[in-house]
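Protein chains in written order, with the working numbering: chain V, 114 to 779; chain U, 25 to 244. Report on one structure; see the data block that follows.
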Amino acid sequence: MISVALWAVAALLLLAPAGIALSVHPRGSTVLYGGCLVVTLTLAVTALINLLDPFHPTWDATLPVGLPWLGAHFRIDALSAFFLVVVNLGGAAASLFALGYGRHEDSQGRVLPFYPAYLAGMNIVVMANDAFSFLVAWEFMSLTSWALVVSHHREAENVRAGYVYLLMASFGTLCLLLAFGVLAGGGNYDFDAMRAAHPSAALASLVLMLVLLGAGSKAGLVPLHAWLPLAHPAAPSHVSALMSGVMTKVAVYGFVRIVFDLLPAPEWWWSMVVLAVGGPTATMGVLYALMQRDIKRVLAYSTIENIGIIFTGLGLALAFKAEGLDWVAALAFTAAMLHVLNHALFKSLLFFGAGAVLHATGERDMEKLGGLIHRMPQTAFAVLIGCVAISALPPFNGFVSEWLTFQAILLSPQLPSWGLKLIIPAVGGLLALAAAFAAACFVKLFGISFLGRARSPCAAEANETDHFSLGAMFLLAFFCLITGILPGFFIDALAPVSKAMVGNVMPHQVGLEWLTIVPIAESRSSYNGLLVFLFVVICGSAAASAIHRLASDRLRRGPAWDCGYPDPNPAIQYSASSFSQPIRRVFGSVIFAAREIGEMPPPSSAAPARLTVEVHDLIWNGLYAPIAKGIGFATERLNVLQFLTIRRYLTLVFVALIVLLLVVAL
Amino acid sequence: MSGLQFDIAHLLAGSLVLASFVMLYQDRLYSLLNVYAMHATVLAMSVAWQAFVQEAPHLYLTASIALVFKAIIIPVALHRIIVRLGIHREIETAVGVGLTMMAGIGLVALSMVVMLRVTPGADALAREDLAFSLSVVLLGLLIMVTRRNAVSQVVGFMSLENGLVLAATGAKGMPLVVEISVAFSVLIAFIVIGIFLFRIRERFDSVDVQALDRFRGERG
């Protein structure tokens, strides 16, 4: 069966050069995205067959390409199969969306060839079974996504985003390269050999740190996240959805594959590091998101938050696995994997919504939108489902995975180590804070963009998007609902992954009455998404019908959010900045060094008063700017070496030789 | 190898180092070329002695190549070149003689220490031989670094190459192909550099390499 997957990847790689020819054809994008849709669906079904097979087979293949003595090893086991499903589900949804959206793209020639190549790169990373293929595919994925980020290269901002992305991607690959170098030790780059090797605790810890840097920079862990909110929004929207929803998951795959599979049993303090990174990432990501006005930037920062949640789950799994409580580790790990799937679903959905809004209005700035629910009711409905799901409200899927993560956090008193006993509740507090902020953030996103009145003419004249885009959005919204109300099936499907990675599984869920999920024991906690869904539907319809029946029948329509002010100007509405102002006041002065400068005109002057808000990114200023400055300083100084005389160059070589000989001699 | 054979090999290699020292303080181009010819002759003798000791007839060929090309053809050609360039009477003072000689002594000491340290397993002759040849290579580099004139830099480079040949013949069983290719590469380098000397001269009226620097880039 792996040959089917490999042929499908080969088909994607063949579609890439075909994209060059198709980009000049008027129907070319339809053919290309249609082809990608078929291929990704094939891959998703193939992976699903592997994942649901009761015997949990591993499919192996070796191709005679790559290093001559190694070849390229591929394997689909439970973990690969699960991530293949996530990648290709996201890929299929993005291709379906692009069937409609991609037609409007004005730079087809810069998107079409790279899109299938990018999909192929992500698939190969997940299937690779030796370090060489893994790294080549990883870098291929980075480079093709970079090409897509700079596809609109006429905007200076995108070029800068591409530059920062390229630097961070190279840094990440370098860290992974070093990690594999340490793992390979004897020089065997096959994953099987790495599993069999037993590196010392110090070396294994070094690998963990390098992987945390390498995969973490791709996933967007704070403080390595700087490139992500620049690069993800710069790409075309269907590519943004892939980068945010899917590529960050490939990074999570890299982390899980190396830390849970290739490394020996974890040290007790590893989890402290992962948790200390994951928790703050979640809170910081969503706080950044709250400060933004650009829809796609909000979504990109929210990706950082969700990556924080996933890494917190993985850190919990490491903690419990190290202490021998592998049944709790299975719970935390399954929660993290479920959140991987969930985030891929609703983040893709929301990016599609942002793309539809961008296409309809030409605006990404929330302060220029508003009232879109009247002009684009179906898009608004799909985006609303995405917002509810990402805010972790029942009965949608975000709630299930975050609830399961909290179940694992609540079991932390069973851990013997005091450090973990202290840090896990703190991380739990950060996650709870992040969940509340996420809800606020998406209330803001939906409320400002879709409710109220249009703040600009382009928002007032927006038109509903096309059927393919709507189809993709509603498909994902449906998956969000299904995962939310029937989580038991998904938890059971993840059992082989959990078994392979942490050595235990969660209790079997399907077959409990009323499709309830019971992660530990019924006496502790249980959740039934189906009943919550029925309750919400029945109560909601009852309340709506009661209001319509009992309320006054004298219908009056007034301008929304006019605050009782007689001036009908839409600028008086509640704005995105005013929504986030209280949170900015509470956290901003410390975390963002935010300052509000009010300028009152002098008495008797008719000039308007002004309020200027300054928000700084302290991580950028404190970490990246000094590094960039140091490198700039060093290159400025070393530039002199470009302009020496021949004799000076000879002298330099001579002196270097003498110094090396002295090193040998002494 | 008997004591006498060893001593003679030692003597010849040491003479090569001595010749390098003599080159180091020549400030006239004519005498520099003469000393270079002597340098190459000593090399040829040393290689011939190695051929005799190791009973390796192909080394005689190497020795004759060294004698014909390096000791006769190249110095004669360079003589003619500098006469045609009109720089045969020029006096070149780069770095002070005393300082250069001190540096040279330091380099010989350094190469001795390095070689004695890294080759404890090799036989005595090879160790001495390698130490001398490394000294010759380093002294050749020193000549290149301390000279301004392109011709004397070429001479420094060729004396450096002599050191390489000395090292190569000291090691037993070096294939002839390598020697011939080394000899040819030196010949080619000589031809190319000779042509370039004239081109430089045509354009800049000088073979002082500092004149070149003025024409290089915006800062030259």
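Glycine included, C-beta positions come from ideal geometry on N, C-alpha and C. Source: prediction; values computed, not measured.
Residue i at chain U interface by Cβ criterion, 8 Å
| i | result |
| --- | --- |
| Leu774(V) | yes |
| Leu763(V) | yes |
| Leu760(V) | Here residue 760(V) turns out to be Arg, not Leu, going by the sequence shown. Yes, its Cβ sits closer than 8 Å to a Cβ of chain U. |
| Ala778(V) | yes |
| Ile771(V) | yes |
| Phe368(V) | no |
| Phe746(V) | no |
| Phe168(V) | no |
| Phe767(V) | yes |
Any C-beta of chain V under 8 Å from that of residue i
| i | result |
| --- | --- |
| Met125(U) | no |
| Leu154(U) | no |
| Met69(U) | no |
| Leu165(U) | yes |
| Leu134(U) | yes |
| Val189(U) | no |
| Arg141(U) | yes |
| Gly244(U) | In this predicted model, Gly244(U) has a pLDDT of only 40, less than 50, meaning its place in the structure is not dependable enough to derive any value. |
| Val121(U) | no |
| Met182(U) | no |
| Arg151(U) | no |
| Arg104(U) | no |
| Val179(U) | no |
| Val169(U) | yes |
| Arg172(U) | yes |
| Val175(U) | no |
| Val137(U) | yes |
Whole-number beta carbon distance between residue j and residue i, since they are thought to touch under 8 Å
| i | j | result |
| --- | --- | --- |
| Phe196(V) | Ser357(V) | That pair is no contact at about 16 Å. |
| Ala435(V) | Leu517(V) | Ala435(V) to Leu517(V), Cβ: 20 Å. No contact. |
| Leu388(V) | Gly327(V) | Contact flag wrong, Cβ pair sits at about 19 Å. |
| Leu154(U) | Thr143(U) | 6 Å |
| Tyr737(V) | Ala339(V) | 6 Å |
| Ser208(V) | Met240(V) | The Cβ separation is near 19 Å, so there is no contact. |
Short Cβ contact (8 Å threshold) for residue i with residue j
| i | j | result |
| --- | --- | --- |
| Glu152(U) | Ala37(U) | yes |
| Ser330(V) | Gly294(V) | no |
| Leu183(V) | Asp305(V) | no |
| Leu125(V) | Pro229(V) | yes |
| Val540(V) | Gly298(V) | no |
| Ser255(V) | His186(V) | no |
| Ala332(V) | Thr361(V) | yes |
| Val363(V) | Met235(V) | yes |
| Leu102(V) | Ile486(V) | Any answer about residue 102(V) is impossible in this case: the structure gives chain V only from 114 up to 779. |
| Ala606(V) | Leu334(V) | no |
| Ala354(V) | Gly499(V) | no |
| Leu337(V) | Ala274(V) | no |
| Ala157(V) | Leu202(V) | yes |
| Phe509(V) | Leu599(V) | no |
| Ala495(V) | Met586(V) | yes |
| Lys534(V) | Ser693(V) | no |
| Val41(U) | Val160(U) | yes |
Cutoff 8 Å; reference residue i; Cβ partners in own chain excluding five residues on either side
| i | result |
| --- | --- |
| Glu242(U) | Here Glu242(U) scores only 47 on pLDDT, less than 50, and its place in the model is too uncertain to base an answer on. |
| Val238(V) | Phe247, Ala250, Trp251, Met254, Val363, Tyr366 and Gly367 |
| Leu154(V) | Asn201 and Ala205 |
Own chain, CB closer than 7 Å to residue i, minus 5 neighbours either side, in chain order
| i | result |
| --- | --- |
| Ala567(V) | Gly483, Gly484, Ala573 and Pro683 |
| Ala493(V) | Leu485, Ile486 and Phe563 |
| Ala613(V) | Asp190, Ala191 and Leu192 |
| Ala707(V) | Arg697, Gly701, Val726, Glu727 and Val728 |
| His266(V) | Val272 |
6 Å CB neighbourhood of residue i in its chain, flanking five on each side removed
| i | result |
| --- | --- |
| Met782(V) | With chain V covering only 114 through 779, there is no way to say anything about residue 782(V). |
| Ala74(U) | The sequence given here has Gln at residue 74(U), not Ala. Excluding residues within five positions, the ones whose Cβ falls inside 6 Å are Leu83 and Thr193. |
* Asked: Using a beta-carbon distance cut-off of less than 8 Å, what residues from the segment 689-722 of chain V approach chain U?
  -> none
* To do: Check distances from the C-beta atoms of the segment 30-48 of chain U to those of chain V and list, in chain order, the residues that come in under 9 Å.
  => none
* Any residues in the segment 55-87 of chain U with a beta carbon nearer than 9 Å to a beta carbon of chain V? Which ones, in chain order? -> none
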